[in-house]
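One structure below.
Okay, here's the thing in structure tokens:
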């Protein structure tokens, strides 16, 4: 494999101490790199991050502009393979070599961390706060990893960004937008915003990729960067406050209000009011309605006037359903919204309670606030009850949705979803 020279710059000492390191990547002289990088899932953390990890390894979660895996691949200048649950391994391959560096998929890269893990010795494991960060070994490990076989090395004087629980995804999104912005744009020139009716504050913090369209919008990047991806569209009357990212092909609908710390993944559409939230990829919230402190998976759709609560009336700690403990647990957060797994849809005027967790491939509709936990492959709502969503019908709807983007489920995708249906839909 060929690796590019890395050039890392931290924002400042305070941010470094707080684990908010910014880094940049520049192309330079290439050199031979014999290290093989593998992203591994920790069993406990993987369960804590469901429903998003039902369909993918942890490292495929989007936080900031990029997924965690895309961050690592950019700073390492190479591709990753995966160590995850057996039913995902056909799609996410595990490739072994003579010298392997296993990276915890929950951990976001930074300069201090990269320098430390590259100093690991054979069969040595880097840990922090009882979390395994990286393992260097010639062995082919299996899931779940037996950590007891490795000599441990404590990470000292640094706190990396680790996504351990569902709220971490949106809580750390703003800082990761800033870090990814530096990573993606360093040494590059933004396209010029030529529309006479668009008002931009702090132009130096705005980066526009080729093919993007912006008309009659207000963009305020004074408190954080704004990234507008390739062929993205910002329609008339939209208001955007940074940190904010709209990735390739995404659309901010006319009159929309995009609050700070919000990410639209590739080919997403967002209207109404969205704040401190992530739409992962190919997901739509095209109409009015509020989405706050939330994470929406891939290929999801929120019908017109769908709203979520992100704050309880008594200002108490929000409880979330935990797939690790199979019950509601305190999140430790005052503001906490909706967590929706891949392929799930919500009908018009659906109302989601504070701290709602919805599984994979459900169709949710009806009056009243929905249950705080809606399992995978459910059809219905709190007023009419939740029935089992037939697998064949669910796949038909997904393929019809994907066909509009010239995509379709692969046989491997179908096998993954069949496994989730068989193991989770009865809950």
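Residue numbers (the working numbering): 28 to 454. Ideal Cβ placement from N, Cα and C applies to all residues, glycine included.
Measure the CB-CB distance between residue 367 and residue 395 and report whether it falls below 8 Å. no
What are the start and end residues of the beta strand (DSSP E) that includes residue 73? Run containing residue 73: none in the beta strand (DSSP E); it sits in the alpha helix (DSSP H), 70 to 75.
Can you tell me whether residue 367 is helix, strand or coil according to DSSP? strand
Straight-line Cα distance separating residue 163 from residue 148: Cα to Cα, the separation comes out at about 6 Å.
So the beta strand (DSSP E) residue 99 belongs to, where does it begin and stop? Residue 99 -> not in any beta strand (DSSP E); alpha helix (DSSP H) instead, spanning 95 to 103.
Locate the beta strand (DSSP E) running through residue 210, then write down its first and last residues. Segment 200 to 212 is the alpha helix (DSSP H) holding residue 210; no beta strand (DSSP E) there.
Spatial neighbours of residue 434 within its chain, please: C-beta separation below 7 Å, excluding the five flanking residues on both sides. none
For the putative contact between residue 189 and residue 76, defined by C-beta atoms under 8 Å, what is the C-beta separation to the nearest angstrom? Residue 189 to residue 76, Cβ: 11 Å. No contact.
Out of 287, 399, 110, state which residue places its alpha-carbon closest to the alpha-carbon of residue 336. For the set 287, 399, 110, the Cα lying nearest the Cα of residue 336 is the one of 399.
Checking the sheet assignment: what are the DSSP bridge partners for residue 284? 266, 300
Could you give the distance in angstroms between the alpha-carbon of residue 383 and the alpha-carbon of residue 319? 12 Å
Quick one: measure Cβ to Cβ for residue 181 and residue 154, integer angstroms, because I've assumed they're closer than 8 Å. Right, the Cβ-Cβ distance comes to about 6 Å (below 8 Å), so this counts as a contact.
What alpha helix (DSSP H) runs, 4 residues minimum, are completely inside the region 112 to 158? Secondary structure remark: continuous alpha helix (DSSP H) runs of at least 4 residues inside the region 112 to 158, in chain order: 138 to 144.
Cross-strand partners of residue 181 (DSSP beta bridge): Paired residues: 154.
Alpha carbon to alpha carbon, how far is residue 113 from residue 244? Give it in angstroms, no decimals. 47 Å
Residue interval of the alpha helix (DSSP H) (run including residue 426): Run containing residue 426: 418 to 430, per the alpha helix (DSSP H) assignment.
Alpha carbon to alpha carbon, what distance is there between residue 263 and residue 365? 28 Å
Just to confirm my understanding: we take residue 150, look at its own chain, exclude 5 residues before and 5 after, and list those with CB closer than 6 Å. What are they? Here residue 150 has 164, 177 as same chain residues with Cβ atoms under 6 Å from its own Cβ, once five neighbours each way along the sequence are excluded.
Using 10 angstroms around the beta-carbon of residue 200, count the other beta-carbons present and answer buried if the total reaches 16, otherwise exposed. buried
Extent of the continuous beta strand (DSSP E) run through residue 442: Careful: residue 442 lies outside any beta strand (DSSP E), inside the alpha helix (DSSP H) at 438 to 451.
For the beta strand (DSSP E) containing residue 63, list its first residue and its last residue. Per DSSP, the continuous beta strand (DSSP E) segment holding residue 63 begins and ends at 63 to 67.
Please determine if the region 337 to 347 and the region 60 to 70 are in contact, where contact requires at least 3 C-beta pairs separated by less than 8 Å. no
Reduced DSSP category for residue 396 - H, G, I as helix; E, B as strand; rest coil: strand
Coil, strand or helix - residue 188 by DSSP: Three-state result, residue 188: coil.
Got a sec, what are the start and stop residues for the beta strand (DSSP E) residue 308 sits in? Element bounds for residue 308: 305 to 308.
Is it a yes or a no for the region 212 to 228 touching the region 274 to 286, going by three-plus beta-carbon pairs under 8 Å? no
Determine whether the Cβ of residue 375 lies closer than 8 Å to any Cβ atom of chain E. Chain labels in this structure do not include chain E; a single protein chain is all it has.
Between the alpha carbons of residue 442 and residue 422, how many angstroms are there, rounded? 11 Å
On the CB-based measure, 16 or more other CB atoms within 10 Å of its CB, does residue 237 come out buried or exposed? exposed
From which residue to which residue does the beta strand (DSSP E) around residue 406 run? 405 to 408
Rounded separation between residue 184 and residue 452 - CA only: 44 Å
Pick from 328, 197, 98, 110 that is closest to residue 302, judged by C-alpha positions: 197
Spatial neighbours of residue 208 within its chain, please: CB distance less than 6 Å, with the 5 preceding and 5 following residues excluded, ordered by chain position. Closer than 6 Å at the Cβ level, and outside the excluded window around residue 208, lie 252, 254.
When you compare only the Cα positions, how much space is there between residue 314 and residue 203? 27 Å
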